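Undergrad: The sequence shown begins at 236 in my numbering and counts up one residue at a time.
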Amino acid sequence: MAGVSSGSATNYVYACTRMRVRRSRLIPRDDYLRMLNMSLPEIIRFIGETNYRSEIDELGTSFSGINLVEEALSWNLAKEFQKILELVPGELNYFTVSYLRRWDIQNIITILRGKMQGMYPGKIKEVLVPAGKLDKVALDRLLTEESPERVVEALKGELFYPTLEKEISSAMETRSFAHLENELYKGYYARLIEDAKGGVKGGNVFLKYILLEIDIRNIQTLFRLRAGHVREDVRDMMIPGGTFSVDELQQILEVEDRDEFIDALKKRVKMVPLLNTLEDIRRMSALHEIEVALTRVQLDQMERISKRYPFSVLPVIVYLEEKKYEVANLRALARGKEAGIPGERLKGYLVM
């Protein structure tokens, strides 16, 4: 770790070791499989015996059922991410803060959609995760605004305000925030690449993660578009900066035959695990199965890279991603059970 003092090096080793300890406490696959056969009350009791105990206990007097699960998961995730920011030093903290900006986008879009649909602020709040720059106080303030336009105005001065200001009128006219959300994420990834190339130590390793995520996200988008029988020019929907150019992604989308479409993707992919996953996808018909398979290969590849760079930002990012999907899995299980969806069907939506 040239260029880093022995004290800093010790802090890096400690922080990355703590990430491995935290990963060991994540819910294992076998427990998910058991929960598939549980009722919602049984799942809540199970969650209350894990690392979510304090949130379940604290919120149990105010919430019950699915509302208790939603609030407890969001609280736990936000608190855990804030603890990580306090734990990681120096450059690790710099890149972690950059990564966590995505939660600002997710929270803002959630609030905008909720406001447009006339949802109660308390209901919107249940699924917010104050893990980015916008903390709980800032999000609570946004929830008091009367309309999506007022929410945008309240964000004046924030990094993503210019995009919000530019796109909000069109979003309200079409009653869809999909384009606005995509533009926000394009700006997010552009800034991540800029941060990675900004000369901060460890940026090259951080860039490997960013390019992988952009590629996976774009490939998932292609499969979604094909599922929706979309064949027009969609270059504006693609995230630039990955190993595929947006023109290449457009050309691949236009391939009519499904096997030839997958072959076209494979010709541009060099990563063996992703090649194998694309081959496995030939036998998949459900879009959610394809998306889960691509997410799984992304997490597995991130873990492989993190093992090559054990004292970089990647062990931190791997843990944050796996923690995010643990919460998504628990949320899917709880919602699925409340809706009466059979366990075998729910299984296909879990990232395990």
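C-beta atoms are modelled at their ideal positions from N, C-alpha and C, and glycine is treated no differently. All values derive from a computational prediction rather than experimental measurement.
Please report how far the alpha carbon of residue 429 lies from the alpha carbon of residue 280, in whole angstroms.
TA: 45 Å
Undergrad: Can we say the region 420 to 440 touches the region 333 to 341, given the rule of at least three CB pairs closer than 8 Å?
TA: Contact between the region 420 to 440 and the region 333 to 341 is established, with three or more Cβ pairs separated by less than 8 Å.
Undergrad: At what residues does the alpha helix (DSSP H) containing residue 330 begin and finish?
TA: 325 to 351
Undergrad: Using only CA atoms, which one of 314, 415, 252, 361 lies nearest to residue 299?
TA: 361
Undergrad: Quick one: measure Cβ to Cβ for residue 305 and residue 566, integer angstroms, because I've assumed they're closer than 8 Å.
TA: Rounded to the nearest angstrom, the Cβ distance from residue 305 to residue 566 is 7 Å, consistent with a contact under 8 Å.
Undergrad: Determine the contact status of residue 278 and residue 572, defining contact as a CB-CB distance below 9 Å.
TA: Against a cut-off of 9 Å, the Cβ pair of residue 572 and residue 278 comes out as a contact.
Undergrad: So the alpha helix (DSSP H) residue 503 belongs to, where does it begin and stop?
TA: 493 to 503
Undergrad: Pick helix, strand or coil for residue 365, following the three-state DSSP scheme.
TA: coil
Undergrad: Could you have a look at residue 417 and say whether DSSP puts it in helix, strand or coil?
TA: helix
Undergrad: Put residue 547 into one of helix, strand or coil per three-state DSSP.
TA: coil
Undergrad: Please list the terminal residues of the continuous alpha helix (DSSP H) segment that includes residue 445.
TA: Membership of residue 445 in the alpha helix (DSSP H) is indicated by the continuous run 438 to 462.
Undergrad: What span of residues does the alpha helix (DSSP H) with residue 381 cover, start to end?
TA: Per DSSP, residue 381 belongs to no alpha helix (DSSP H) and is neither H nor E.
Undergrad: Within its chain, find whatever has a CB closer than 7 Å to the CB of residue 568; leave out the 5 residues flanking it on each side and keep chain order.
TA: 270, 278, 581
Undergrad: Going along the chain, which residues of its own chain have a beta-carbon closer than 6 Å to the beta-carbon of residue 578, five neighbours each way excluded?
TA: 271, 272
Undergrad: Should the region 443 to 452 be called in touch with the region 477 to 488, which here means at least 3 C-beta pairs below 8 Å?
TA: yes
Undergrad: Below 8 Å CB to CB, which residues in the same chain sit around residue 570 once its five sequence neighbours on both sides are set aside?
TA: 301
Undergrad: By Cβ distance, which residues of its chain are closer than 6 Å to residue 323, with the 5 residues on each side in sequence left out?
TA: 250, 331, 551
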